[in-house]
Structure formats: C-alpha cells, structure tokens
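Since the structure comes first, as structure tokens, the remarks are kept for the end.
2 protein chains.
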Amino acid sequence: MKEKEKIHTISELGEFGLINRLTKDIKIKNKSTLKGVGDDAAVLDYKNKKIVVTTDLLVEGIHFDLTYTPLKHLGYKAAVVNFSDVYAMNAQPKQITVAIALSSKFSLEAVDELYSGIHLACENYNVDLIGGDTSSSLTGLAISITAIGECDDDNIVYRNTAKVNDIICVSGDLGSAYMGLQLLEREKQVFKIDPNFQPDFVKYDYILERQLKPEARRDIIKLLKNNSIKPTSMIDISDGLSSDILHICKNSKVGCCLYEEKIPLNRQTIDMAHELNINPIVCALNGGEDYELLFTASLNDYEAIKTLLNISIIGHITDESEGKNLVTTDNKNIPLTAQGWDTMEK
Amino acid sequence: MKEKEKIHTISELGEFGLINRLTKDIKIKNKSTLKGVGDDAAVLDYKNKKIVVTTDLLVEGIHFDLTYTPLKHLGYKAAVVNFSDVYAMNAQPKQITVAIALSSKFSLEAVDELYSGIHLACENYNVDLIGGDTSSSLTGLAISITAIGECDDDNIVYRNTAKVNDIICVSGDLGSAYMGLQLLEREKQVFKIDPNFQPDFVKYDYILERQLKPEARRDIIKLLKNNSIKPTSMIDISDGLSSDILHICKNSKVGCCLYEEKIPLNRQTIDMAHELNINPIVCALNGGEDYELLFTASLNDYEAIKTLLNISIIGHITDESEGKNLVTTDNKNIPLTAQGWDTMEK
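Here you go:
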C-alpha cells in the first residue's frame, strides 16, 4: 500500500499530536484576538465594544446523518449556524471555540476533513479559531461550537423590542433546507433497497446546498447598515418561521399577522414539496434550519426596505390581544403554533 | 402513584419547555453580563478588561462513569474544570455557556440534578450561566462548557513566559483525584460480583471528593495577589504534573528540575497507592484531574512563597539544554515524559 493511500488512526497521534495537527496552520485574523490556541484559555481584547456569545451543539443521528453528510460540509455548517446567531444580534462573529467528541471509527483523514470545513467557514467569515477540546467518544460524533462576536455600543438588536405596527421582514427564502433534508432521506431509503441506484440531484442542487452547506446572512446585515436601517428586533430562523416569529412576539409582548402569499419560497422547494405531497408553506413555517434573518422594522423604513433585494416584507406586528396569525391566500386567519425540536428532529 | 414520585420524561416538556425549566431561576450576578439566556446570543460588556475564553468537553464513558458519579457532582465538576482554566490565566471566571447532549434514558429529574450542580458551581464561584444548547443524543451524555473570564490589562499569566532560575510551585497536593478514581473503579468491580456489597468509603473521603467534586483554586489566585506575587508562568494540572510542566517548558523554551521529595502528597493518596501497589509519585506525575495550579515565580519571591500555606516549591527552571528531569529521593535524574489522554483515559 502506498503511503498516500494509508488511513491513519487518531490514536497514532495522541491528544497533543491531534490538537497540534488541527491547529498548526491557524493564522490569527482579528485584532481582538490577543492569544488563540495554546494556553489554558484564549485571550481577547474587545476594548469598548460589546461582546456577544452563543453556543450550538450538533449531535450525530439527531442533527446530521453521516450517510449523506460530507464531513467538510458538516464542519462548515457547525461553524456557520453559530455565526448566524451572532449576525441575528446585529453583531460580527470574531472567534470560535470548538469541542468535538469523536468515536474511534473516525480516521485522522476524516477529522482533517471535518476541520477543513471549520477552517473554511472561519476563512470565509473572517473568524479566528481560538481554542477548544477534543475527546474520544464511545459512540457517535458531537460538535459543540461557541462563537464570540463584537458590536458597537448601540447597535445590538434583541428579540424583545418589536413594536406594534412594525413591519415583519425575512431574508432569502424559507423551507428549502427542510426540503433538501427530505430529498436526502428519500434517496437514502431508495439506496438501502438498491445500492447501485444513482440519485439525480442536479435539478435539486439549491435545496441540497441549503441543507448541507448553509450560509449565514452577513450580506443582509451589511445591506441594512448601508441603507441606515436598524431592525427593531431580530432572530435567525433555525426552528422555522412559525417558532421564531413566536419567540419575537412572546419576548416583545406583541401579536403578529403574517401573509401566506408574502412568504418567500424557492422554485425547487415548491417542486420538491409537490413531489412529496406536502404544502410548501408548512415547510416554510415549520421546517427550520433556514438560517435566514427574521426581523421587524419601523413602518418609516417600509419604502426603503421594499426596494431591497433578498428581503421580503411578510407581515406586521399587532397588539398582543390580536394573537399571532397567518392570513391564508383565501383570507382565513390561522393561529401560528410553535414546532421545532420536539416534532421535526425526531 | 403520587405526583411527587412520578418520573417525568424530557419529551413531555419539549425543547423550549426544558430550556425554560433549566434557566428560569437564573439571577445575573455580574455587571459584565448585560443579557444572559433568552436571545440568539448573550451580550457582555467587559469595558477595558481583557477577556479569556476556554472550553472543556466531558463525555460519558470517557471522562465519567455514571455508575458511581452522582449527576449533581458531574454538573459541578463540568463547570469547575473550566473555572480552573480561567484561574490558570490569573483571571476571574464570569460567565459560562453549557451545551448538553442527553439520551432518552435521562428523566427530567436527572437533568434537574445535573443542572443543580452547574448552578451550585456558578453560585459558589460567582459566575453567570448565560446560554447554551440542549439536544437529544442517541447514546450517552456529553457536556461541553465554555467559560469566559476577565482580567486586568497586565495581569494575565501565560505558559510561555517561564525564565531560567525561576522556582516551580504547585498548590495543594497531587495524585488524589486519580487515586479516588482507582478506588471507585475497584469498588465497581467488586459490586459487579456481589451487588449486596457495601463499600466502606469513610477512610478515603478526601480522595473521593477530589475525584467527584473538585474545586478550582480561586483561593490561591487571591493568596498570590494579596502577597503581591505575580507568577511568571502558570497552568492548571489537568493531565498530570509531568505533562503540564512539559507544556510550560515547551512553550517557554526552557528545561526544568523537579524534586521527588518536594511533591505534595496527601496521606490518603499514599495509603490508597500502597493498597493498590502503585508508587504514589507516579500518580502525582501522571494521574491528572488535580486542578491544582502549577506556576513558576521569580527567585525574588522565594522567601515570600515559602511561608504560604497550600503552596509547595517543587523545583526550578533550567536552561533548555539541561532537559526536563525529576530528581528522585535516591538522587537519580529521570527524564519527564508526557502522558494524558492517550494512556490514562482509555
């Protein structure tokens, strides 16, 4: 066997060798990172900026299926979902720490793949990997990433500050990542019956990418800033539009009215939903993992927002007493309900 | 069945209900915590202070065995090992985020127990729990905690700043946590054979507590500060004295000379080691999980440190060319070697 074809085990390197291998090429990109990997803790200097901190955990068999998830994409996604939370505060991600539990089924090359995705995400979003922990695991893979970001004093946008009559806006389109997941699950079942089956993914490239390699909406934060629009409240859509608008409503003590016809859907999402006999609006409301930004803005910003690409105005904030409703295309009021983890991820 | 005896499943509550239950009683203790749990990210304000960040991951079957680890103690330990890393930078822990993957074998009451330990550690060390993530897991329990701490501008102590002729000091005693683990493992084996066997742990209470409920040495950081002693380098002992002094030497490009007779051992550690026919010095060198502080200090501080309780002077820093050695009681030089994860945790 030639050297380049040899698969290496993690135990050949040991913990210190593995950490060294995974971190040796890191170059610090941000001034706020004084000391990255290599001590008991990293050291940061944010001067007079505010600091935002968020943590997300991805677990094998719950959040991802390695049958169809390339490890590089998984690493990329694990980092990006945290960046998305930072942008949802109207802040900029600057550092991450990465904790990974790995079973012995993972070769060194597999770990390299996973980290290459994390490093690529850091590169693309100008973020420093400053620390973490690596452990064996008796079973599957788990990745916990903590992202740290910065924001100027008065720019942070919370969930609890939406006001009655504010417009409700969302970036991009919704339900695509969920449709991508349904497609992958379907092809996995087909593959189990016929291992020679080659799925044709070409016409569904967009929804697959939305599931496997999502991006965080840094561009939207920049777009809003360039147009001098500060949202009155904001959240990223990880659990689905329905759950996430309910978070804003609950925290802001307001109601909302969303219009079905205004909810942005991609052509592929609609096609796939029809193939699977699902209402695409249900995917947008409850699918989750869109990592789009859902925000409210003052009615004064309506004209400006209306002209922006990639942002849809989908409803408005109402008094709490009016409830949280979706107005359907045939003009019926349907109360929105929370979904998320309990029902979608099992 | 009476209500109070009923065991509840996590799925009865769902994700949002669980998060609410685990975080509803949190009261923010630190001024630097502007916003804790409840948004996409927490928001901190460290003003002109430096920020330190560290992450540790504990995995069931690798770092702990639930056969003999009470969940409350596990939660406490998972938080405290992170605080220890923060103190090892000469900083003060202020916030943590907690990511937990839980299999369905855990009842709601079990999760409450785990979190009660985390909350107690936060209470005792004046730290705010500001966020995190909770997920199901197909198998065991994994806990990843990120701690954030603060430090005045010039007070941070790194690993790479030890100088030739500095004295090497360590707090408390070493090897006890490892002996506690060996005792628990032995009793587990006995219990497997005779489930009615009741182990007598009274005479080994100290080493058991060191394993199951370690504390971070905040008191030592305070003691040094009160005596105007700033270490020249510092690390906390998680992998064992040998590995951790080698980290300081490698990072500082120096050698070291440790004296076997100076290494602090507790009476129970010595007794247990003799019972198991192990050299207690080997436990101190390679056992790990001591969470004591290992630091170097200027020779000028020798007289002051000599008088301090709970700190032992165990050697000195040498030129790199002299190597890293342990001088045994019979005056032999033994090169120190790294252990840790590869050999001890399997």
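Just so you know, the protein sequences line up as chains A and B, in that order. Heads up: the first sequence begins at 1 in this note's numbering, then just goes up one per residue. Heads up: the second sequence begins at 1001 in this note's numbering, then just goes up one per residue. Ideal Cβ positions, reconstructed from N, Cα and C, are used throughout, including at glycine. Quick caveat: nothing in here was measured; it's all calculated off a predicted structure.
Are there 16 or more other CB atoms within 10 angstroms of the CB of B/A1304, so buried, or fewer, so exposed?
Along the second sequence, one-based indexing puts residue 1304 of chain B at 304. Burial call: exposed.
Can you tell which of B/T1329, B/P1093, B/A1162, B/E1185 has its C-alpha closest to the C-alpha of B/L1208?
Reading the second sequence from its first residue, position 208 is the one you call residue 1208 of chain B. Check the Cα spacing between B/L1208 and each of B/T1329, B/P1093, B/A1162, B/E1185: the tightest is with B/E1185.
Enumerate in chain order the residues of its own chain whose CB-to-CB distance from B/F1201 is below 7 Å, with the five nearest sequence positions on each side excluded.
As a working note, residue 1201 of chain B is residue 201 in the second sequence. Residues L1208 of the same chain have their beta carbon placed closer than 7 Å to that of B/F1201, with the five preceding and five following residues left out of the count.
Give a yes or no on whether the minimum CB-CB distance between B/T1139 and chain A is below 8 Å.
What you label residue 1139 of chain B is simply residue 139 of the second sequence in a count that begins at 1. At a cut-off of 8 Å, the C-beta of B/T1139 has a neighbouring C-beta in chain A.
Closer than 7 Å, Cβ to Cβ, to anything on chain B: give me those residues from the stretch 157 to 173 of chain A, in chain order.
Look at the stretch 157 to 173 of chain A: the residues with a C-beta under 7 Å from a C-beta of chain B are Y158, R159.
Can you list, in chain order, the residues of the stretch 33 to 56 of chain A whose Cβ is nearer than 8 Å to any Cβ on chain B?
Only those residues of the stretch 33 to 56 of chain A whose C-beta falls short of 8 Å from the nearest C-beta of chain B are listed: L34, K35, G38, D39, D40, A41, A42, V43, L44, D45, Y46, K47, N48, K50, I51, V52, V53, T54, T55, D56.
Between B/C1249 and B/G1255, is the Cβ-Cβ spacing less than 8 Å?
Position 249 of the second sequence, counting from 1, holds the residue named residue 1249 of chain B. Position 255 of the second sequence, counting from 1, holds the residue named residue 1255 of chain B. Their beta carbons are under 8 Å apart, which means B/C1249 touches B/G1255 by this criterion.
If you compare alpha carbons, which of A/I317, A/C283, A/Y178, A/I235 is closest to A/L293?
The residue given as residue 293 of chain A occupies position 293 in the first sequence. Measuring from the Cα of A/L293, the nearest candidate turns out to be A/I235.
Which residues DSSP lists as bridging B/M1234, in chain order:
As a first step, residue 1234 of chain B is located in the second sequence; it is residue number 234 there, counting from the start. Answer is B/F1295, bridged to B/M1234.
In the DSSP assignment, find the alpha helix (DSSP H) that holds B/P1093 and state where it starts and stops.
For the purposes of this step, residue 1093 of chain B is identified with residue 93 of the second sequence, where counting begins at 1. Bounds of any alpha helix (DSSP H) do not take in B/P1093; it lies within the beta strand (DSSP E) bounded by 1092 to 1102.
Among all the DSSP beta bridges, which residues are the ones paired with A/F64?
Here residue 64 of chain A is taken as the residue at index 64 of the first sequence, counted from 1. Beta-bridge pairing links A/F64 to A/E60.
Going by DSSP, what residues sit across from B/P1335 in a beta bridge?
Within the second sequence, numbered from 1, the residue matching residue 1335 of chain B stands at position 335. Looking at the DSSP output, B/P1335 sits in a beta bridge with B/N1325.
Helix or strand or just coil, what does DSSP make of B/I1305?
For the purposes of this step, residue 1305 of chain B is identified with residue 305 of the second sequence, where counting begins at 1. Look at B/I1305 here: in three-state DSSP terms it is helix.
Nearest-angstrom Cα distance between A/T9 and B/V1111?
Translated into the one-based positions of the first sequence, residue 9 of chain A becomes position 9. Translated into the one-based positions of the second sequence, residue 1111 of chain B becomes position 111. Rounded to whole angstroms, the separation of the alpha carbons of B/V1111 and A/T9 is 35 Å.
Quick one, are the C-beta atoms of A/P214 and A/E113 less than 8 Å apart?
Position 214 of the first sequence holds residue 214 of chain A. Position 113 of the first sequence holds residue 113 of chain A. In this structure, the beta-carbon distance from A/P214 to A/E113 does not fall below 8 Å.
May I ask you to list the residues that DSSP assigns as paired with A/L129?
For the purposes of this step, residue 129 of chain A is taken as residue 129 along the first sequence, with counting starting at 1. Beta-bridge pairing links A/L129 to A/I96.
At a CB distance below 8 Å, what residues from the stretch 1086 to 1100 of chain B approach chain A? Give them in sequence order.
Listed by position, the residues of the stretch 1086 to 1100 of chain B near chain A (Cβ gap below 8 Å) are V1086, A1088, M1089, A1091, Q1095, T1097, V1098, A1099, I1100.
Is the stretch 1061 to 1069 of chain B touching the stretch 314 to 324 of chain A in the sense that three or more CB pairs, one from each, lie closer than 8 Å?
Remark: fewer than three beta-carbon pairs, one from each stretch, lie closer than 8 Å, so the stretch 314 to 324 of chain A and the stretch 1061 to 1069 of chain B are not flagged as touching.
So what's A/L13 in DSSP terms, helix, strand or just coil?
The residue given as residue 13 of chain A occupies position 13 in the first sequence. Three-state DSSP puts A/L13 in coil, outside helix and strand.
For B/S1136 and A/S243, the rounded distance between their alpha carbons:
For this step, residue 243 of chain A is matched to residue 243 along the first sequence. For this step, residue 1136 of chain B is matched to residue 136 along the second sequence. Rounded to the nearest angstrom, the two C-alpha atoms are 19 Å apart.
B/Y1087 and B/R1218: beta carbons closer than 8 Å?
Position 87 of the second sequence, counted from the start, is the residue given in the question as residue 1087 of chain B. Position 218 of the second sequence, counted from the start, is the residue given in the question as residue 1218 of chain B. Contact: yes.
Under 6 Å Cβ to Cβ from B/I1237, same chain only, skipping five residues before and after it: list those, please.
For the purposes of this step, residue 1237 of chain B is identified with residue 237 of the second sequence, where counting begins at 1. Take B/I1237, set aside five residues on each side of it, and the residues of its chain with a beta-carbon closer than 6 Å to its own are D1244, D1290, E1292, L1294, in chain order.
Residues of chain B with CB closer than 8 Å to the CB of A/F295, please, in chain order.
As a working note, residue 295 of chain A is residue 295 in the first sequence. Close to A/F295, with beta-carbon spacing below 8 Å, lies no residue of chain B; the smallest spacing is near 11 Å.
Check whether the stretch 1218 to 1232 of chain B and the stretch 1262 to 1282 of chain B touch, using three or more Cβ-Cβ pairs below 8 Å as the test.
Contact check between the stretch 1218 to 1232 of chain B and the stretch 1262 to 1282 of chain B: fewer than three CB pairs, one atom from each, fall below 8 Å, which does not count as touching.
Got a sec: is the Cβ-Cβ distance from B/A1142 to anything in chain A below 8 Å?
As a first step, residue 1142 of chain B must be located in the second sequence, where it is residue number 142. Interface annotation, B/A1142: in contact with chain A, CB-CB separation under 8 Å.
Suppose only complete runs of 4+ residues qualify. What are the alpha helix (DSSP H) ranges in the stretch 1158 to 1204 of chain B, listed by chain order?
Within the stretch 1158 to 1204 of chain B, the runs of alpha helix (DSSP H) at least 4 residues long that lie entirely inside it are, in chain order, 1176 to 1193.
Are the CB atoms of A/L57 and B/G1140 nearer to each other than 8 Å?
In the first sequence, counting from the first residue as 1, residue 57 of chain A sits at position 57. In the second sequence, counting from the first residue as 1, residue 1140 of chain B sits at position 140. Not closer than 8 Å, so no.
What did DSSP end up calling A/T139 once you bin it into helix, strand or coil?
On the first sequence, residue 139 of chain A is found 139 positions in, with the first residue counted as 1. In the structure shown, A/T139 sits in coil (DSSP, three-state: anything other than H, G, I, E or B).
Compute the Euclidean distance between the alpha carbons of B/S1116 and B/A1284, then round it to the nearest angstrom.
For the purposes of this step, residue 1116 of chain B is taken as the residue at position 116 of the second sequence. For the purposes of this step, residue 1284 of chain B is taken as the residue at position 284 of the second sequence. Their backbone Cα atoms lie some 31 Å apart in a straight line.
Run the CB neighbour count on B/P1231, radius 10 Å, all protein chains shown included, and call it buried at 16 or more, exposed below.
Walking along the second sequence from the start, residue 1231 of chain B turns up at place 231. So B/P1231 ends up on the buried side.
Beta-carbon proximity check, B/N1310 vs B/G1180, cutoff 8 Å
Within the second sequence, residue 1310 of chain B is the residue found at index 310, counting from 1. Within the second sequence, residue 1180 of chain B is the residue found at index 180, counting from 1. Taking 8 Å as the Cβ cut-off, B/N1310 and B/G1180 do not qualify as a contacting pair.
Cβ contact check for the stretch 122 to 132 of chain A and the stretch 157 to 176 of chain A: 3 or more pairs under 8 Å:
Not touching, per the Cβ criterion.
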